[in-house]
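Structure first, commentary second.
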Amino acid sequence: PMNLVIEGLSKTYPNGTQALKGVSLEIPTGMFGLLGPNGAGKSSLMRTIATLQDADAGSIHLGDIDVLNEKPKVRQVLGYLPQEFGVYPRMTAYQMLDHFAQLKGIKNAKERKATVRALLEQTNLYRERNIKLGNYSGGMKQRFGIAQALLGQPKLIIVDEPTAGLDPAERNRFHNLLSEIGEHMVVILSTHIVEDVTNLCRHMAIIHKGEVLLKGNPREVVEAA
Ligand code: ADP
Ligand code: ADP
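Here you go:
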């Protein structure tokens, strides 16, 4: 298991918006909740960890990987599920995962079949494996995103505002899946929903206007807030 250590991270966009102002956090294995209102800086922080944008100052370490300076290494161990998760609408879940498994270099057909099947089962999509992704519901797409991320055997999974627009049953299903994954790796859940963090996460931080206001275990943090 790897810890994620963020120190003094700052980011100002070209238009002058200071999105991150010296963010420091230690994120251990397990589910970590990053809670904050719209515009707090959550996506900026997630995108920086995911090597999709640079910071102006500070550092991020995932285990012994220097995230800001070793992007290819990070990408090998990272699963990132952005808010607007795009899928190829005309491919089925099975076809898509099989395709990614081929790209990943799993050449042996039997091995690929077993890998894809295990991921579909883990994400509760096996029954829907032959449905085109364009016909998937929001929740099914999210779970498919997790299956795709897990195919890369990540050490860190980032999920940005995952349950927006999901019905309660789907949210529950998605939450259970995340909890299960959180037993084996760092899972960062970025959200503005307090209950999601208190119900699911072992550790959390509240971010507001680019700064960490509070951090700790959810019960302590919510009492202090
Ligand atoms: P959150 O994910 O918590 O909603 P963001 O990281 O998206 O917060 O945004 C933090 C602040 O940075 C907001 O004021 C937002 O408008 C601004 N921001 C985000 N992305 C950009 C960008 N590419 N260019 C300029 N400002 C941005
Ligand atoms: P959200 O507020 O929903 O988290 P994001 O911060 O992810 O949205 O922004 C969505 C897209 O719009 C990103 O590509 C981001 O860079 C851009 N963006 C967000 N806020 C601004 C802004 N104030 N000015 C310019 N681009 C922005």
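Numbering (the UniProt record's numbering), first residue to last: 15 to 239. We put the beta carbon where it would ideally sit given N, CA and C, even for glycine.
Q) Out of curiosity, what's the CA-to-CA distance linking L66 and L95? A) 12 Å
(Q) So, for L227: in the same chain, excluding its five sequence neighbours on each side, which residues have a beta-carbon less than 6 Å away from its beta-carbon? (A) I220
Q: May I have a chain-ordered list of the alpha helix (DSSP H) segments no shorter than 4 residues that lie completely inside the stretch 47-93?
A: 56-63, 85-91
Q: Kindly give me the distance between the Cβ atoms of I79 and K87, rounded to whole angstroms, as I take these residues to be in contact under 8 Å.
A: 5 Å
Q. What is the DSSP secondary structure of G30, counted as helix, strand or coil?
A. coil
Q: Let me know the alpha helix (DSSP H) ranges lying completely inside the stretch 158-182, each 4 residues or longer, listed in chain order.
A: none
Q. Does the beta-carbon distance from L59 to V81 come in below 9 Å?
A. no
(Q) Any heavy atom of ligand 1 inside 8 Å of the beta-carbon of L59? (A) yes
Q | Reference P176, options F158, V236, M110, closest by Cα | A | F158
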